[in-house]
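Engineer:
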C-alpha cells in the first residue's frame with residue numbers, strides 16, 4: 001500500500017518538478033506577451049500568446065456547447081422524465097463515448113471537415129471535436145450529482161405543487177450545483193489539455209485566429225511540435241508551454257474546489 | 270358522515286409495486302377539518318395510502334394504481350388532470366424533514382411565489398404569517414437568510430409545515446412527522462397539528478398508538494394492505510370490532 005502511494009505521489013512530484021524546473025527557467029515574459037514568429041519552432045523568436053488564446057478560443061466555446069447539451073441530457077436521464085431502462089441505455093452510450101480515445105474524435109471531426117471541403121484545419125472543427133470529447137464527461141458528472149438528490153427532497157418540491165420543470169430548475173439544480181460546477185470544470189480541464197482531438201483539426205498558425213475557419217495554434221499541439229525538435233533550447237520551450245498549461249489546469253482545479261464549496265452552502269445533507 | 274364534510278373518499282383503491290399488491294381494495298372516507306390518523310403495523314401500506322392522495326406514488330418505478338380517489342367531488346386519478354394542481358391542495362410533511370436547498374425565507378417564499386404571485390411585499394407578509402403560524406418566527410427572524418439546513422431537525426420540521434401552509438392547501442398529509450424528533454419538538458408538532466385542523470384537514474400516519482389516541486378524531490386501521498377498521502376515534506379505540514384491532518390495541522401486534 002505504501003509502495004503504491006509512493007508511486008502515485010512520487011510520479012506527480014517528479015512530473016511537476018521536471019516541468020517547473022525546465023519550464024520556469026526557459027520561460028520569459030516575451031513568451032507570454034508575444035505571438036510566434038516565423039521560426040518559432042527553430043530559433044528563439046517570439047512567444048506563444050497565440051497558442052494560449054487559441055486554446056481558450058477552442059476550449060471555452062466547446063465547454064459552453066457541451067454544457068448546454070449535457071444539462072438537458074442529464075435532466076432527461078432522471079426517472080422523473082424517462083423510464084429507467086431507456087436511461088440506463090443512454091448512460092451506457094455516454095460511458096462508451098467517455099472511453100473513446102480522443103484521437104478518434106479528432107479523426108471524426110477531420111472526416112466531416114474534409115467532407116465539407118476544408119483543408120488544413122480550422123477553429124470550428126477543433127471546437128466540434130472538443131465538444132464531443134467533453135459531452136460525456138460533463139453529462140455523466142451532472143447526471144451523477146442529480147441522481148443522488150434525495151427522493152424526499154423531490155417529493156417535497158412536488159408536494160408544493162411544483163411542476164417537473166420547476167422542481168428541476170429550482171430545487172434539483174440547487175442541490176446538484178456542486179456536482180454541476182465540478183463537471184463543467186472537469187470537462188474544461190480535459191478540453192484545454194487534450195492534444196489528440198485537435199491535432200488533426202486545428203492546424204497551426206503564428207497569429208490569432210480571426211474567423212472560425214482560420215487555423216490556430218493551441219498549447220497541447222505546440223508542445224508536441226516543440227518537443228519533437230532536435231535542439232535543446234527549442235525543447236525547453238516545450239517545457240515552458242507545458243508549465244503554462246499546468247498552471248491553467250491547476251487554476252481550474254483550485255477554482256473547482258472554491259466554487260464547489262461556495263455552491264454547497266444551501267444544500268441539504 | 271354527510272357528503273359535504275367528506276374531504277377524501279377512495280373507492281376500490283388498489284396499488285401494486287413491481288406486481289406486489291401493497292394496498293388492496295381500499296374504501297375509506299376521510300372527514301374534512303378533522304385529524305384522521307392512519308395506524309397499523311410497519312409495512313402495512315400506511316405511507317403508500319398517504320402518498321396516493323397527492324399522486325406522489327407515480328414518480329416511483331413500476332407502480333400500478335387502480336380505483337378512484339375522490340377529492341372535491343372529482344376523481345383525481347382521471348387521466349389528463351394537471352397533477353401539480355392536485356398536489357397543491359395537499360401539503361406533505363415527511364418523516365425526515367427535507368427543507369429545500371435554499372434560505373429559511375426562500376423555503377416558505379417558494380410555494381407562495383409559484384402559486385400566489387411574486388409581489389415582494391406580499392411574499393414577505395406571507396412568509397412572516399406562515400412562520401408565525403408554526404411558532405418559528407421568533408426563533409429565526411434574525412437569520413431568515415441563513416441556509417435552512419442549519420436549523421435543528423425540529424425547527425426544520427416546523428419550517429416544512431410553514432412551507433406547506435404557504436401554498437394554502439386543503440389537506441395536510443403527515444407521514445410520521447414526529448418519529449425523527451426529540452420529545453419536546455414532537456410535542457410542538459402535535460400541538461400544531463391540533464391547531465391546524467381548524468383550517469385544514471389533517472391526515473396523520475403514525476406507528477405510535479399513543480399518539481393516535483392523543484390527537485385523532487377519526488381512525489383508519491390498516492393491516493397487510495387492507496382497511497380492517499375505520500371510524501370515529503372514540504368508537505374504534507373503546508369498542509374495537511375486529512380481532513386484529515383488538516390485538517393491536519392490546520399490544521399483541523405492533
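Protein chains in written order, with the working numbering: chain U, 1 to 269; chain Y, 270 to 523. By construction, the Cβ of each residue, glycine as well, lies at the ideal position given by its N, Cα and C atoms.
How would you call residue 433 of chain Y, buried or exposed, if buried means at least 16 neighbouring beta carbons within 10 angstroms?
Structural biologist: Position 164 of the second chain holds residue 433 of chain Y. Buried.
Engineer: Could you check if residue 335 of chain Y belongs to the surroundings of the ligand MN, using beta carbon to heavy atom distance under 7 Å?
Structural biologist: The model depicted lacks the ligand MN and carries no ligand whatsoever.
Engineer: Using the C-alpha atoms, what's the distance from residue 418 of chain Y back to residue 174 of chain U?
Structural biologist: Working through the first chain from its first residue, we reach residue 174 of chain U at position 174. Working through the second chain from its first residue, we reach residue 418 of chain Y at position 149. Looking at the two C-alpha atoms, the distance is approximately 13 Å.
Engineer: Within the continuous alpha helix (DSSP H) that includes residue 168 of chain U, where are the two ends?
Structural biologist: By 1-based counting over the first chain, the position of residue 168 of chain U is 168. Note, residue 168 of chain U: premise wrong, no alpha helix (DSSP H); not H, not E.
Engineer: Could you run through the stretch 75-100 of chain U and flag, in chain order, every residue whose CB is less than 9 Å away from some CB of chain Y?
Structural biologist: Answer in chain order: 79, 80, 83, 84.
Engineer: On the DSSP bridge assignment, give the partners of residue 313 of chain Y in chain order.
Structural biologist: Your numbering for residue 313 of chain Y matches position 44 in the second chain. None, per the DSSP bridge assignment.
Engineer: Taking the straight line between their C-alpha atoms, what separation do you get for residue 84 of chain U and residue 166 of chain U?
Structural biologist: Against the first chain, residue 84 of chain U aligns to sequence position 84. Against the first chain, residue 166 of chain U aligns to sequence position 166. About 21 Å.
Engineer: Just to confirm, is the Cβ distance from residue 494 of chain Y to residue 313 of chain Y under 8 Å?
Structural biologist: Here residue 494 of chain Y corresponds to residue number 225 of the second chain, with the count starting at 1. Here residue 313 of chain Y corresponds to residue number 44 of the second chain, with the count starting at 1. Yes; because the gap between Cβ atoms is below 8 Å, this pair is in contact.
Engineer: Name the residues in the stretch 307-341 of chain Y whose C-beta lies less than 7 Å from a C-beta of chain U; which are they?
Structural biologist: The stretch 307-341 of chain Y vs chain U, Cβ under 7 Å: 323, 325, 328, 330.
Engineer: Chain U partners of residue 414 of chain Y, CB-CB under 8 Å?
Structural biologist: The residue labelled residue 414 of chain Y in the question sits at position 145 within the second chain. Per Cβ cutoff of 8 Å: no residues; residue 414 of chain Y is ~10 Å from chain U at best.
Engineer: Going by C-alpha to C-alpha distance, which of U/186, U/158, U/17 sits closest to residue 361 of chain Y?
Structural biologist: Sequence index remark: in the second chain, residue 361 of chain Y carries index 92 (1-based). The candidate whose alpha carbon is nearest that of residue 361 of chain Y is U/158.
Engineer: Under the assumption that residue 272 of chain U contacts residue 263 of chain U (Cβ atoms under 8 Å), give the Cβ distance between them as a whole number of angstroms.
Structural biologist: Given a span of 1 to 269 for chain U in the structure shown, any question on residue 272 of chain U remains unanswerable.
Engineer: Apply the 10 Å Cβ neighbour rule to residue 424 of chain Y and answer buried if 16 or more other Cβ atoms are within range, or exposed otherwise.
Structural biologist: Taking the second chain and counting its residues from 1, the one referred to as residue 424 of chain Y is at position 155. It is buried - the Cβ of residue 424 of chain Y has at least 16 other Cβ atoms within 10 Å.
Engineer: With distance defined between alpha-carbon atoms, name the residue in U/179, U/214, U/86, U/232 nearest to residue 71 of chain U.
Structural biologist: Taking the first residue of the first chain as position 1, residue 71 of chain U is located at position 71. Nearest of U/179, U/214, U/86, U/232 to residue 71 of chain U, Cα basis: U/179.
Engineer: What does residue 421 of chain Y reach in chain U if we use C-beta pairs closer than 8 Å?
Structural biologist: Taking the second chain and counting its residues from 1, the one referred to as residue 421 of chain Y is at position 152. In chain order: nothing, as chain U lies at least about 14 Å away.
Engineer: Look up residue 292 of chain Y in the DSSP assignment and give the residues it is bridged to.
Structural biologist: Numbered from 1 along the second chain, position 23 holds the residue referred to as residue 292 of chain Y. Residue 292 of chain Y is bridged to Y/284.
Engineer: Is residue 205 of chain U closer than 8 Å to residue 176 of chain U when the C-beta atoms are compared?
Structural biologist: Reading the first chain from its first residue, position 176 is the one you call residue 176 of chain U. Reading the first chain from its first residue, position 205 is the one you call residue 205 of chain U. Not in contact: residue 176 of chain U and residue 205 of chain U (Cβ atoms no closer than 8 Å).
Engineer: Helix, strand or coil for residue 54 of chain U, going by three-state DSSP, please let me know.
Structural biologist: In the first chain, the residue the question calls residue 54 of chain U occupies position 54. In this structure, residue 54 of chain U counts as helix in the three-state DSSP scheme.
Engineer: List, from N- to C-terminal side, the beta strand (DSSP E) runs of 3 residues or more that fit wholly inside the stretch 32-118 of chain U.
Structural biologist: Listed in chain order, there is nothing to give.
Engineer: Kindly identify the DSSP beta-bridge partner or partners of residue 499 of chain Y.
Structural biologist: As a first step, residue 499 of chain Y must be located in the second chain, where it is residue number 230. Paired residues: Y/489.
Engineer: Can you tell me where the alpha helix (DSSP H) holding residue 305 of chain Y begins and where it ends?
Structural biologist: Position 36 of the second chain, counting from 1, holds the residue named residue 305 of chain Y. Here residue 305 of chain Y belongs to no alpha helix (DSSP H); instead the beta strand (DSSP E) covers 304-308.
Engineer: Let me know the secondary structure DSSP gives residue 307 of chain U once reduced to three states.
Structural biologist: As displayed, chain U neither begins before 1 nor continues past 269, which places residue 307 of chain U out of reach and without an answer.
Engineer: Would the stretch 466-474 of chain Y count as touching the stretch 298-307 of chain Y if we require 3 or more Cβ pairs under 8 Å?
Structural biologist: Taking 8 Å as the limit for Cβ pairs, the verdict is that the stretch 298-307 of chain Y does touch the stretch 466-474 of chain Y.
Engineer: Smallest Cα separation from residue 291 of chain Y: which of Y/348, Y/520, Y/492?
Structural biologist: Residue numbering aside, residue 291 of chain Y sits at position 22 when the second chain is read from its first letter. Among Y/348, Y/520, Y/492, the Cα nearest to that of residue 291 of chain Y is on Y/492.
Engineer: Using a Cβ cut-off of 8 Å (strictly closer), state whether residue 471 of chain Y contacts chain U.
Structural biologist: One-based indexing of the second chain puts residue 471 of chain Y at position 202. Residue 471 of chain Y does not count as touching chain U.
Engineer: I need the DSSP call for residue 512 of chain Y, collapsed to helix, strand or coil.
Structural biologist: Walking along the second chain from the start, residue 512 of chain Y turns up at place 243. Looking at residue 512 of chain Y - three-state DSSP - the assignment turns out to be helix.
Engineer: Check residue 471 of chain Y in the structure and name its three-state DSSP category.
Structural biologist: On the second chain, position 202 is the one that residue 471 of chain Y refers to. In the structure shown, residue 471 of chain Y sits in a strand (DSSP, three-state: E or B).
Engineer: Flag this pair as yes or no: are the beta carbons of residue 217 of chain U and residue 51 of chain U separated by less than 8 Å?
Structural biologist: Walking along the first chain from the start, residue 217 of chain U turns up at place 217. Walking along the first chain from the start, residue 51 of chain U turns up at place 51. In this structure, residue 51 of chain U lies closer than 8 Å to residue 217 of chain U by Cβ.
Engineer: Measuring CA to CA, which of Y/443, Y/318, Y/522, Y/449 is closest to residue 281 of chain Y?
Structural biologist: On the second chain, residue 281 of chain Y is found 12 positions in, with the first residue counted as 1. Measuring from the Cα of residue 281 of chain Y, the nearest candidate turns out to be Y/318.
Engineer: Which residue spans inside the stretch 340-388 of chain Y form an unbroken beta strand (DSSP E) run of at least 3?
Structural biologist: Correct list: 359-362.
Engineer: Indicate the three-state DSSP secondary structure (helix, strand or coil) for residue 235 of chain U in the structure shown.
Structural biologist: On the first chain, position 235 is the one that residue 235 of chain U refers to. If DSSP states are grouped into helix, strand and coil, residue 235 of chain U belongs with the helices.
Engineer: What are the start and end residues of the alpha helix (DSSP H) that includes residue 200 of chain U?
Structural biologist: Sequence index remark: in the first chain, residue 200 of chain U carries index 200 (1-based). Here residue 200 of chain U belongs to no alpha helix (DSSP H), and DSSP marks it neither H nor E.
Engineer: Between residue 82 of chain U and the rest of its own chain, which residues show a CB-CB distance below 7 Å, the 5 nearest in sequence each way excluded?
Structural biologist: In the first chain, counting from the first residue as 1, residue 82 of chain U sits at position 82. Cβ neighbours of residue 82 of chain U beyond the five flanking positions: 76.
Engineer: For a test of the three-state rule: what should DSSP assign to residue 332 of chain Y, helix, strand or coil?
Structural biologist: Reading the second chain from its first residue, position 63 is the one you call residue 332 of chain Y. Here residue 332 of chain Y sits in strand by DSSP.
Engineer: Under 8 Å between C-beta atoms, does residue 368 of chain Y make it to chain U?
Structural biologist: Reading the second chain from its first residue, position 99 is the one you call residue 368 of chain Y. So, interface residue.
Engineer: Alpha carbon to alpha carbon, how far is residue 303 of chain Y from residue 278 of chain Y?
Structural biologist: One-based indexing of the second chain puts residue 303 of chain Y at position 34. One-based indexing of the second chain puts residue 278 of chain Y at position 9. Computed Cα separation, rounded: 14 Å.
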